[in-house]
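Encoded as C-alpha cells, the structure appears first; notes follow it.
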Amino acid sequence: MSAIGPALAAAGALAAAGSACGLALPERARPAAVGACTAGVGAAGLVAGVSALRGQLWSASLPDLLPLAGVHLAVDALSGLFIAVCGGVTVAAAVYGIGYTRHGLAGRNVQAVLPLFAWTLVTVPTAASVSTFLLLWELMALSSLLLVVAEHRRRAPVREAGLWYAVMTHLGLVLLLIALALFSARAGGETFTALRAGAGRLSPAVRDTVFVLALAAFGSKAGAVPLHAWLPRAHPEAPSNVSMLMSAAMVNLGAYGLIRTGFDLLDGGPRWWGLLTVALGAVTAVYGIVQAAVATDLKRLLAYSTSENLGLVLIGVGAALLFDADHHDELAALALAAALLHVVNHAAFKALLFGAAGSVLHATGTRDLDILGGLRPRMPATTALFALGALGAMALPPGNGFVSEWLLLQALIHGLAAPGVTTAVLLPVAIAAIALSAGLAAAAFVKALGVGFFARPRGSAAQRAVESPRAMLAGMGLCAAACAGLALVPGTLSDALGRAVAASGTGTVGGRILVGGGLDLRLAGFTGRLASLWIALALAAVAAAVPAVVRSRARAPRRSDAPLWDCGAGAPTARMEYTATSFAEPLQRVFDDVLAPEQDVDVTPVRESAYLVERVRYQRRVPDRIEHRLYLPVLQLLARAGQAARRLAGGSVHRYLGYGFTALVVLLLALAVTR
Amino acid sequence: MGLSRRIREIGRIAEPAPPRPEGETPPATRLLCGSAQVRHVDAGSCNGCEIEIGGAFGPVYDAERYGARLVASPRHADVLLVTGPVTRNMADPLRRTHQAAPEPRVVVAVGDCALNCGLFAGAYGVAGAVADIVPVDLEVPGCPPEPAEIVAALRRVTGR
C-alpha cells in the first residue's frame, strides 16, 4: 500500500483548509492556523517524497477533473526527491511564518494564498502530463506573484519587482508552452508516457528546438544568466517566509523540469546540449556570486547566491547530459547525483539564510548591510543560525554545501578522461568556475556575517534590535538541523539519490553511484571517499585543542586593563568599521570589467573660492550589467514602438473598422495562396 | 648593476663611533638590555628637531648601530622621543601616548622647546614644556640639537 496517494490527498485537503482559515478566521488566530495547515501540507509532501525515494511508485489519472485533457499524476523517485525538498522547506517556512507577521503580513490575501503556493510547490513534480504540468506551473507562478507583491503598499520597489517577475515568469511560460506543445504535437500524445514513447520518432531539429526552449524556460525559473533578472528583484522584496519558499524550493523546480525533459522525456541528446548547459551553468555560477560578493543588500546577496547555486546544479546536469551522450553512464549518473544532492543542500542552507535575513529585517526594519552590524549580542540565536547557513553556502568543510560541490568536482575530474576536444576544453573551465565561485562565496558570506552581525552597530536600527519570536527561531532551527544532518551524515542519502538518478533514466540499471555507510561517502565506480563526520570531528578537536595548548604553555600573564590605543585621536567610532561596500571594494576592483560600477564624485566648492571645498559627495552603484546592457535596450525599443503605435490608434472608429477589414483580407489571401 | 656599483663606490659613510657619552643613565634603562624601541612624538615642534632626528637615524650618524630603533606605535616602544612645546591640542594625546607605552618607559625631551618652550614660551596655544605634561627622564638641549647630541642621549638609554 503506497503512502504517496493518501499523503498527496492530505496535502490538497490541508491546503484548502489553510486557504479557508486565511479567509475566514479573525486576524489574531489567522497566522497560527494558516501556518499549521501549511506545515501540514509540507509534512504531507515530505511523507510522499520520502516514500517515493524509498522506491514506491504511484500514479493516478483523473479524467474528469480538467476538461478535454484530464489530470494525470505520477510520482517516481526523481519527483519524490523534489517533492521531499519542497515539502521540507515548506514545513520550515510555515513554522517560521507563524512568527513573521509584521507589517500587515497577517492580512487576508497573503494568508489565503500561502497554503496554495505551498501546495503547488509540492504538486508540480507530481504532474505526468503536459497540461497538468503547465496548469500547476502557472498556478505556482501566479500564487508566488501574489505573495511577492504582498507589501506593495509599503514600499515602491515591491511593485517594480512584481512587474519584473510577472513579465519574466510569463515569458518563461510562453517558451515552455511552445516547447511542450511542439513536443506533444509531434510525439502524438500529451501524457508523459506518450511523450517518452514518441520522443524517439522526433526529428533532430524538433528535439533540439524542444530542448533549447525548455532550457531557456526552466533556466529562467532557476535564475540562469541572462534570464535571471527577476530573481534578485523578486526574492528580496517578497516577505521572508515567501523568500524561503521561492529561493529554496521554487527555483529547484527549474532544475527538476530540465532533468525531467532532458533525461526522462527526451532521453538525452547530442553532446552540444550538455556543453550548452554546462556553459550556461558556469556563467551563471560565476556571475551570480560576483554580484553577491559586491551586494550590500542582505537579501539581494542571498538571491544572487541562489542564482550561483542553481548555476552549479546546471553544471552538474549539463555534465550528466554530456557524459550520457558519450555513453559514460557511470559518470553521467555521478554528475546527476551531485546536482541533485546540491539541490537538497542548497535548499537547506538557503532556507536557513533567508530565514535569518528575515529575522534581521524583522528586528531592524532594514536589509542594508552598511547600516547593520553589532547584532551578535542582541540576536545571538539568529547570528548562530546565520553562521551555520553561511558555512553551508561557503562550500568549505564541515558545511553541507561542501559535500555536493566535492561530489560535483569528482564527477568533472573523473570526466576529464573522456575523449573529445570540446570536453577537454570545457570541463577544466567548468572546474575552474566551480572553484572560483566557491572562493567568492566565501568572501560574500564572510562579508554578510562579519559586517552584518559582528562589530558595533552602525545605525540606530541595529542598536535597537531584539531577538525574533520563537516561531521564527523554530522554523530556522528545523533548517539548521537539516543542514547539520546533511553535512555530517550525507551517506544516508546515497540510496535515495541512486533511485532518483535511476528514475531519470540515466546510468546503468541497478548500478550504485554512491556507497554510504552512516559515516562516510564513497563513490561506487571511482576512487573517491569523503568522511564528513570525521572531518567535522577533527576540526572541532583541533579548534578545542589549539587554545588549550596555547593556554597551558603560556606563562600566566599579569593582567592589566588598558584603554585601546587610538593614535591619540579619540575613541574609534562605528563609522570607522569596515562596511559591506568597503569590504567588497578590492573585489569590485578586480572584477571591474565584469561589473562596470558607476562612480560619481561631486565636489562643491565654497562660493568665494574654487580651491576651498565645502562638500564632497561620493556615490557608487553596482548595477546588474546584464540587465543594463540587455534588458534596458529591449525595454526602450518596446517603449518607442509603443509610442509609434499610438499614432495608429487615433480614436477613429472608421479606421479601426478599416484595420479589421484589411487584416481579414490579408489573412484570407494568405490562406488562399498557401493552401 | 647600477645599485650594487653605487654601494661599492660609496662604501661605508657612517662616522666612526665616538667614545661612550658620560652622564648617569635613567634607572629604567637597565631593563632594556641595550635595545631601545623609540617612538617619536611631535608635540608641536617647528620640525627643526625632526630634521635632526632624521639625521640621527640616517646613514652618517646611524643611531641604530647603538641599539635604538624607530617604531610606529607607542605600544611597541620603550622610549618616547618628544619634540616641541606641547600645544593644547597635543597635551592630551601626549598623555595618552605615554600611558600607551609599556613600562619601563623612558621619555627623552629633544630641543629647547621641549625643555622650556623656547621661543614659544607664553604663547596662546602652548600648554607647557614636556616636563609639565609627562615625567621626563633625559633632556637634549639645543635649537635644534645636533644629531650627534641626540645619538649621545640615545646611547645613554641603550648603554652602548
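Top line first, the protein sequences correspond to chains E and V. Just so you know, we're using our numbering here: the first sequence kicks off at 1 and counts up by one. Just so you know, we're using our numbering here: the second sequence kicks off at 1001 and counts up by one. Beta carbons are placed, not taken as given, at the ideal position from N, Cα and C, and that holds for glycine.
First through last residue of the beta strand (DSSP E) which encompasses residue i
i, result
"D1092/V", "Note, D1092/V: premise wrong, no beta strand (DSSP E); alpha helix (DSSP H) at R1088 to A1100."
"P605/E", "E598 to P605"
"T169/E", "Not the beta strand (DSSP E): T169/E falls in the alpha helix (DSSP H), residues A156 to A187."
"A150/E", "Premise fails: A150/E is in no beta strand (DSSP E) and is neither H nor E."
"L521/E", "L521 to L523"
"A1068/V", "A1068 to L1070"
"G473/E", "Note that residue 473/E corresponds to Leu in the displayed sequence, not to Gly. Not the beta strand (DSSP E): L473/E falls in the alpha helix (DSSP H), residues R470 to L488."
DSSP state of residue i mapped onto helix, strand, coil
i, result
"A676/E", "Because chain E is modelled from 1 through 675, residue 676/E falls outside the range shown and cannot be assessed."
"L310/E", "helix"
"P1104/V", "coil"
"G1128/V", "strand"
"H72/E", "strand"
"L537/E", "helix"
"D368/E", "strand"
"V343/E", "helix"
"E1139/V", "strand"
"V515/E", "strand"
"A545/E", "helix"
"D297/E", "strand"
"L530/E", "strand"
Extent of the continuous alpha helix (DSSP H) to which residue i belongs
i, result
"G392/E", "P380 to A393"
"H235/E", "L231 to E237"
"E577/E", "Looking at the DSSP string, E577/E is not in any alpha helix (DSSP H), and its letter there is neither H nor E."
"R555/E", "Taken as a continuous stretch (DSSP letters only), R555/E belongs to no alpha helix (DSSP H), as it is neither H nor E."
"L258/E", "V251 to I259"
"D624/E", "No alpha helix (DSSP H) contains D624/E, which DSSP labels as neither H nor E."
"H1040/V", "Element bounds for H1040/V: not the alpha helix (DSSP H) but the beta strand (DSSP E), A1036 to D1042."
"V242/E", "S240 to L245"
"T422/E", "V421 to F453"
"V122/E", "R108 to T123"
"L409/E", "N400 to G415"
"L1081/V", "Where L1081/V is concerned, there is no enclosing alpha helix (DSSP H), although the beta strand (DSSP E) it sits in stretches over V1079 to T1083."
"I1013/V", "That residue, I1013/V, is in no alpha helix (DSSP H); it is neither H nor E in DSSP."
Test item: CB-CB of residue i and residue j under 8 Å
i, j, result
"A128/E", "T169/E", "no"
"V1140/V", "I1150/V", "yes"
"P1085/V", "C1117/V", "yes"
"V251/E", "T306/E", "yes"
"L1080/V", "R1030/V", "no"
"D1078/V", "R1105/V", "yes"
"A580/E", "V446/E", "no"
"V1060/V", "V1130/V", "no"
"W565/E", "P1074/V", "yes"
"V34/E", "L146/E", "no"
"N345/E", "G401/E", "yes"
"R77/E", "L62/E", "Note that residue 77/E is Ala in the sequence shown, not Arg. No. Outside cutoff."
"A538/E", "A348/E", "no"
"L493/E", "L275/E", "no"
"L213/E", "V278/E", "no"
"H362/E", "S247/E", "no"
"S19/E", "A112/E", "yes"
"L372/E", "T364/E", "yes"
Contact test: residue i Cβ vs the ligand ZN heavy atom, cutoff 7 Å
i, result
"A430/E", "Annotation note on the ligand ZN: not contained in the displayed structure, which lists no ligands."
> Listed from N- to C-terminal order along the chain, which residues in the stretch 1012–1042 of chain V have their beta-carbon within a distance smaller than 7 Å of any beta-carbon of chain E?
Replying inline: none
> Counting pairs of beta carbons, one from the stretch 372–391 of chain E and one from the stretch 406–413 of chain E, are three or more of them closer than 8 Å?
Replying inline: no
> Do the stretch 74–89 of chain E and the stretch 41–49 of chain E meet, that is, are 3 or more Cβ pairs less than 8 Å apart?
Replying inline: yes
> When Cβ atoms are compared, which residues of the stretch 1066–1081 of chain V fall closer than 9 Å to chain E?
Replying inline: S1073, P1074 and R1075
> Per the contact definition of three or more C-beta pairs closer than 8 Å, is the stretch 476–488 of chain E in contact with the stretch 532–543 of chain E?
Replying inline: yes
> Any chance the stretch 574–589 of chain E sits against the stretch 443–457 of chain E, with 3 or more Cβ pairs inside 8 Å?
Replying inline: yes
> Should the stretch 223–230 of chain E be called in touch with the stretch 331–348 of chain E, which here means at least 3 C-beta pairs below 8 Å?
Replying inline: no
> If we count Cβ pairs, one from each stretch, closer than 8 Å, do we get three or more for the stretch 134–144 of chain E versus the stretch 601–612 of chain E?
Replying inline: no
> For the stretch 1095–1120 of chain V, which residues have a CB atom closer than 8 Å to at least one CB atom of chain E, in sequence order?
Replying inline: R1096, T1097, Q1099 and A1100
> Going along the chain, which residues of the stretch 521–540 of chain E sit with their C-beta nearer than 7 Å to a C-beta in chain V?
Replying inline: none
>> Is it the case that the stretch 192–207 of chain E contacts the stretch 306–322 of chain E, given that we only count it when at least three CB pairs across the two stretches are under 8 Å?
In response: no
> What residues from the stretch 251–280 of chain E come within 9 Å of chain V, judged by C-beta to C-beta, listed N to C?
Replying inline: none
>> Against chain V, which members of the stretch 386–412 of chain E pass a CB distance test of less than 7 Å?
In response: none
> Which residues, taken in chain order from the stretch 210–243 of chain E, show a beta carbon closer than 8 Å to some beta carbon of chain V?
Replying inline: none
> Are the stretch 360–370 of chain E and the stretch 287–304 of chain E touching by the rule of at least three beta carbon pairs closer than 8 Å?
Replying inline: yes
>> Using 8 Å as the cut-off, can you tell me whether the stretch 1008–1022 of chain V makes contact with the stretch 1087–1103 of chain V, which would need three or more C-beta pairs spanning the two stretches below that distance?
In response: no
>> What are the residues in the stretch 472–487 of chain E lying within 9 Å of chain V by C-beta distance?
In response: none
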